[in-house]
Structures are given as structure tokens and as C-alpha cells.
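In my numbering, the protein residues as written are 794 to 1005.
Scroll down for the structure; my scribbles are underneath it.
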Ligand code: HEM
């Protein structure tokens, strides 16, 4: 676990630099550039926003939530509990999921004309907001508070107690799990679904080059 965390921590650095680079792109879009450069930057707006989301989740999910459970004394009581799932969701989808979506959106934009992109962009816009809001709601409504409650119980009554079915299926911990449905639904219907539809639309509406 120590070595894995060490590698994870090392990987935070290039990803942070990556996000700073995306930030520079946004600044560039506001600066006075040639119309061609300006079109290129504003055309790829959503993939740049997704790269910025990578940076935010990298900081919160890997940085804050990862280091939070990394101390041996915390890890001893919490290993494998909901605080792990909290870190795993925020770091794994937040960083690498968003990174994959950034590449997908970059390619979708590059393969279609401005006119076709106008329609596809609506799906991508909703999907970007839905995926980020859904993930944030999962973390805020359930994974983080549920993890803290479970850790508290583990310290107060023992690790075995915090993992008993009676603990997991009752009380505030269980209520929070139900609350999580809100985040899941936003993620699915306002995030995953529109992005899938946007990708399918791109294939459906693709323009075949005269060479094809
Ligand atoms: C983008 C970077 C990262 C990703 C994608 C990531 C992903 C994950 C995942 C999926 C797990 C759960 C593994 C399992 O349940 O078997 C995990 C566990 C863990 N991660 Fe990360 N992680 C990242 C960065 C970090 C950082 C920076 C730290 C702290 C320095 C860290 C510390 C830990 C620890 C201590 C665990 C074990 C927790 C436990 O089992 O209770 N991670 N990570």
C-alpha cells in the first residue's frame, strides 16, 4: 500500500501541470489571438474544461481524500471502509474518467464540422455538468459523511463493529446510502446518458470524406 500511494502521489504532479496548461488555454482564448487560433481554442472549449476538472478532482480526490486515509494510524482503523470508496470514486472517475472524456470530446469535436458540432455540443455541455455534479453529490451526500461516521464507529467500538451488517444496514449510515441515489441519478441521466447520446450522434451525423 505504501509503494502504491507513493506512485499515486508522484502521478499527481504531472496531472497538476497538465491542468495548469489547460488553464493557460482558457487565458489564451481571452487574449487577442489570430482568428484561426481563437477558433481552435474556443472549438475545443469542452475538452479543456474537462482537463480542468481533472485538476480539481486530482486535488480533491487524490490529494485531499488520498492523503486523508494515508496516515498509518487512520489507515489502521479505516482500511476498506467507505472513506476508501470516497477516495477511490473521486480519484478514479474524477481524474481518469474525466481525462478519458476529455480525449473523447476532443476527438468528437475534431471529426465534425461547426454546423454538426452545434447540435453535439448541447449534449456535451449537459454531460460535462451532469458528470461533475453527480460525482460531487455522491461524495457530499454519502461517501464522505458515511465514511466519517463509519471511521468514528470503528474507533469507538472496534473495526469489527463498523463492518457488521447491523451497522451497515441501519441508522444514519444507511440513510446516507439512500441519499446517494440522488447523486447516482444525476450522474447517470445528466452525465453518462447525454455524453453517450452526443457520441452516438457524432457517428450518426458523420461526414464521409470524398476519399472514403
Ligand atoms: C489519481 C490518483 C489516484 C487514484 C486513481 C487512486 C485510486 C485508488 C483506488 C481505486 C483505491 C481503492 C483500492 C481498493 O479498494 O482496493 C485507492 C486506495 C488508496 N489510495 Fe488512492 N488513488 C490515487 C491517489 C492517491 C494518493 C495521492 C494517495 C495518498 C498519498 C492515495 C492513497 C490511497 C490509500 C492509502 C488507499 C488504501 C485505502 C484503504 O484501503 O483503506 N491514493 N486509491
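Where a beta carbon is used, it is the ideal one built from N, C-alpha and C, also for glycine.
Every value quoted in this text rests on a predicted model; they were computed, and no experiment measured them.
Would you mind listing the beta strand (DSSP E) stretches within the region 885-927 that are 3+ residues and don't spill past its ends, in chain order?
none
When 873, 956, 989, 980 are compared against residue 897, the one with the closest alpha-carbon:
989
For residue 842 and residue 899, I'd like the C-alpha separation in whole angstroms.
11 Å
Given the structure, does residue 879 come close to the ligand FAD, in the sense that its CB is under 7 Å from one of the ligand's heavy atoms?
The ligand FAD is absent from the structure shown, which contains only the ligand HEM.
Assign residue 998 to one of three DSSP states: helix, strand, or coil.
coil
Using 8 Å as the threshold, is the C-beta distance between residue 924 and residue 985 below it?
yes
Quick one: does the C-beta of residue 777 sit closer than 7 Å to a heavy atom of the ligand HEM?
The requested residue 777 is not part of the displayed model; the chain covers only 794 to 1005.
Please find out if some non-hydrogen atom of the ligand HEM comes closer than 7 Å to the beta-carbon of residue 925.
no
Hey, how far is the Cα of residue 909 from the Cα of residue 919?
17 Å
Between residue 948 and the ligand HEM, is there a pair consisting of the residue's CB and a ligand heavy atom that are separated by less than 7 Å?
no
So, residue 928 versus residue 880, is the Cβ gap smaller than 8 Å?
no
May I ask whether a heavy atom of the ligand HEM can be found less than 7 Å away from the beta carbon of residue 855?
yes
Shorter than 7 Å, the distance from the beta carbon of residue 862 to the closest heavy atom of the ligand HEM, or not?
yes
Would you decide whether residue 854 is buried or exposed? Buried here means 16 or more other CB atoms lie within 10 Å of its CB.
buried
Counting only the same chain and skipping the five closest in sequence on each side, list residues whose C-beta sits under 8 Å from that of residue 878.
936, 940
Taking just the CA atoms, how far does residue 958 sit from residue 872?
17 Å
Which of the three DSSP states is assigned to residue 931 in this structure?
helix
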